[in-house]
Each structure stands twice: as structure tokens, then as C-alpha cells.
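*Asks:* Let me begin by handing over the structure; questions about it come next.
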Amino acid sequence: MRIILIVLFSLLFPVTASAEEPMLICGASSLTDLIDVAARAYEVKAGTRVVTSYASSSQLARQIEGGLACDVFVSAHKDWMAYVKSKVGVDAPGIVKVATNRLVVVSPKSTAKTGDYRTILNGCRRLAVGDPEHVPVGMYARQSLSKLGLWDAMQPRLLPTVNARAVVSYVERGDADCAVIYQSDARFLDDERTITPLPEDSHDAIVYEAAVPKKAARPEDGRAFLKWFSAATRTGNALPTVNEALARLQ
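Using this note's numbering, you'd call the opening residue of the sequence shown number 352 and step up by one each time.
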């Protein structure tokens, strides 16, 4: 009799798996530290368990198209957010801009006296970049160096990588003496490197966009997280840089 009652109860009041599953945030690899800190802070505030997944924005976008149920997708390039919107759709509140970044050239410390990105790049033996065909940091790098008239000359020296963090790894391991990376990733490198900004008007503005995909398993949690994140990292209407957002959450 007890077994029958349990079965009847389970039929009348089914327990859905999604109620026990954590919220999933899928973010561009360059946002690993920021999203990790945000996820832990949000868990404490909201009592919601959060897990994270990081890769190139292009890889995440294709995974979402293939059925990955991200509750929040944060892209480093508008094209890959547009891809998700066109293939899957995004839920309310739509696409939200959450942070900015900029490009810098990393080179050996011996180039510090040069101070000129053009001279530094021309002196590089191997230049690590994100794959310019699909990795956002590489897409921005190609756009910048093309506008500056340097892209064609650098072609034989390029080392394309799978995501933004891999670009940094190439320099750390010594596989490349130079790299084009995000300013926020420069903090991972030692003092033996010179950091030289590229002109911001040489490429599209680097703006991270976030959204709740239509395939989200926990869309309400995704929307709540985005609302909290924007409030916690902004001061006024200005978008924070990645480094500023990280500092405000720590």
C-alpha cells in the first residue's frame, strides 16, 4: 500500500530534474576570472548553485546551437551573439552589454624603450593571435593590424590559437615572443614583458554582450543573474572594463 501511495504521489507531484540542476553560465575564455568571481558572489547572495563553462565565443555559440542549455551566454564579439540570436533566439531582457576591453601588444621587456607598436610588431619573430577566422581576440587583431597596414607583413609570423587564454599561454611557454591580447589578460604575464596598447580606433569597440538563450534550462535564474551582475559592476551608465568589473566584485 505504501509503495502504491509513493507512486501515486510521484505521478501527481513530479520532481523535475531542472529544479535540482545548477544554473549554467557559458562565457568567453577571457572572462574566466570575472565570471568565476561573479558566480561565487551570486551563489552567496541568491542561494543558487552556479556552474561555468569557458571557451572561445565561437565554440560556445555553436554548442548552444547544438543544444547546450546555457542559462547565460557571454560573448566577446557581437557577431557570435548575433549568431546565437539568429539560430536559437534570446529570451528577455534581450542582449545586454556588460563590459569592455581593449587590445595590447605583448613583447619582450627589451622593447620597452621602443614604445611604438609598429616598430615592436615589425621586430617580432613569432606573433601569437587568436584564430582570426572565428576567435574574437584574433578577429579584432586582424581588423586592427589590417587598418594599420601591418597584417600582410605579419602573416608568415602568425601563431593562431583556439581562444584568448591560449594566446597568453603561447607567450608564457616561449612559443611566441609577441602576442596581441586583451588588456585584461596582460595581468597574467610576468614583469619581463612590455605591454603596448594598439589604437582603439583601429578596430571595432570590444564590448562583451550577454543574453539568456531560448534553450536555457533556467531562464529565470539567468535573467536574475544578469540584472544582479549589471548592478554590481556598473557605476552610473558607463560600461566597466573587465578589470574594473572584477575589482568591484572582489
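Glycine included, each C-beta is placed from N, C-alpha and C at the ideal position.
Please read these numbers as outputs of a predicted model, since none were measured by experiment.
Could you tell me the alpha carbon to alpha carbon distance between Glu371 and Arg400, rounded to whole angstroms?
*Replies:* 9 Å
*Asks:* Where do the ends of the beta strand (DSSP E) carrying Thr603 lie?
*Replies:* With the chain covering only 352 through 601, there is no way to say anything about residue 603.
*Asks:* Look at the alpha carbon of Leu385 and the alpha carbon of Glu543, and state the distance between them as a whole number of angstroms.
*Replies:* 25 Å
*Asks:* Using DSSP with H/G/I as helix, E/B as strand and the rest coil, what is Gly398?
*Replies:* coil
*Asks:* When the Cα of Lys396 is compared with those of Lys578, Thr592, Lys566, Asn588, which residue comes out closest?
*Replies:* Of all alpha-carbon atoms in Lys578, Thr592, Lys566, Asn588, the one lying nearest the alpha-carbon of Lys396 is that of Lys578.
*Asks:* Who are the Cβ neighbours of Glu560 in its own chain at under 8 Å, not counting the five residues just before and after it?
*Replies:* Val425, Ser426, Lys429, Met432, Ile446, Val447, Lys448, Val449
*Asks:* Measure the CB-CB distance between Val439 and Pro564 and report whether it falls below 7 Å.
*Replies:* Contact: yes.
*Asks:* To the nearest angstrom, report how far apart Val519 and Ala479 are at their CA atoms.
*Replies:* 8 Å
*Asks:* Given a cut-off of 7 Å, decide if Val531 and Leu597 are closer than it, judged by their beta-carbon atoms.
*Replies:* no
*Asks:* Does DSSP put Tyr594 in a helix, a strand or coil?
*Replies:* Just to set this straight, residue 594 is Asn in the shown sequence, not Tyr. Here Asn594 sits in helix by DSSP.
*Asks:* Which value, in whole angstroms, describes the spacing of the CA atoms of Tyr434 and His485?
*Replies:* 12 Å
*Asks:* Under the rule that 16 or more other beta-carbon atoms within 10 Å means buried, what is Ala390, buried or exposed?
*Replies:* buried
*Asks:* Under DSSP, the beta strand (DSSP E) around Gly481 begins and ends at which residues?
*Replies:* 478-481
*Asks:* Counting only runs that start and end within the region 453-517, where is the alpha helix (DSSP H) found for 4 or more residues in a row?
*Replies:* 468-473, 487-498, 502-505
*Asks:* Please state whether DSSP places Glu416 in a helix, a strand or coil.
*Replies:* Shown here, Glu416 sits in a helix according to DSSP, grouped into three states.
*Asks:* If you draw a straight line from the alpha carbon of Pro548 to that of Arg476, how long is it in whole angstroms?
*Replies:* 19 Å
*Asks:* Based on Cα-Cα distance, which residue from Cys529, Asp572, Leu510, Val441 lies nearest to Ser461?
*Replies:* It is Cys529.
*Asks:* In this structure, how does DSSP classify Val519 when only helix, strand and coil are distinguished?
*Replies:* helix
*Asks:* Residues bridged to Gly378 by DSSP?
*Replies:* Tyr405, Val425
*Asks:* Where does Ile386 sit, in a helix, a strand or coil, going by DSSP?
*Replies:* In the three-state DSSP reduction, Ile386 falls in the helix class (H, G or I).
*Asks:* For the alpha helix (DSSP H) holding Ala582, just list the boundary residues, first then last.
*Replies:* 570-584
*Asks:* Expressed to the nearest angstrom, what Euclidean distance is found between the alpha-carbon atoms of Val593 and Asp503?
*Replies:* 30 Å
*Asks:* CB Asp422 to CB Arg569, shorter than 7 Å?
*Replies:* yes
*Asks:* Please go through the same chain and pick out, in chain order, the residues whose beta-carbon is closer than 7 Å to the beta-carbon of Asp572, but skip the five residues on each side of it.
*Replies:* Met374, Thr399, Asp422
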